[in-house]
Amino acid sequence: MSGSAMTNDEALEYGRATFNGAPFCLVRNWVWVDLDGPEEQRDYLATMQLQPAILFAHTVVYDSLRRWDVGDFVRTTALHAFTDELVFRTLNTNYVLLGDGLRKLAHPQTIAMITG
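If you want my numbering, it's the position in the sequence shown, counting the first as 1, plus 3.
Here it is as structure tokens:
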């Protein structure tokens, strides 16, 4: 799965211009994880306008709210929307996917054990 080919500087400009002050995070070395949970869990997420997917990124390039330092890893909450073929949007943050990544299927309990 491919993210954007933008440089870090280009992505920073894109984030500042696109999100109008909304929180955003630039990430590399990422894995899109589709959650393989029960139907009830998918239905519950849908009631909150969420989809059964999360993002795990090994490398934070920039976080507009400075929650994570450069080089930290991040595991997101559930996907709200995927836009512009490069923005993984949660209810709290816009994650700009830079470079190539992976897409995997995993059980939610497996995700809970990931520590980076």
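Idealized CB from N, CA, C, for every residue including glycine.
{"Query": "Sufficient close CB pairs (3 or more, under 8 Å) joining the segment 11–27 to the segment 90–102", "Result": "yes"}
{"Query": "Closest residue to Asn32 among Phe59, Glu43, Asp12, Leu48 (Cα-Cα distance)", "Result": "Phe59"}
{"Query": "Counted within 10 angstroms of its Cβ, other Cβ atoms place Asp72 as buried (16 or more) or exposed", "Result": "exposed"}
{"Query": "Own chain partners of Leu29 with C-beta closer than 7 Å, once the 5 adjacent residues on each side are dropped", "Result": "Asn11, Ala14, Leu15, Gly18, Val64, Tyr65, Val99, Leu101"}
{"Query": "Boundaries of the alpha helix (DSSP H) in which Arg106 is found, first to last residue", "Result": "First-last for Arg106: 105–109, but that is the beta strand (DSSP E), not the alpha helix (DSSP H)."}
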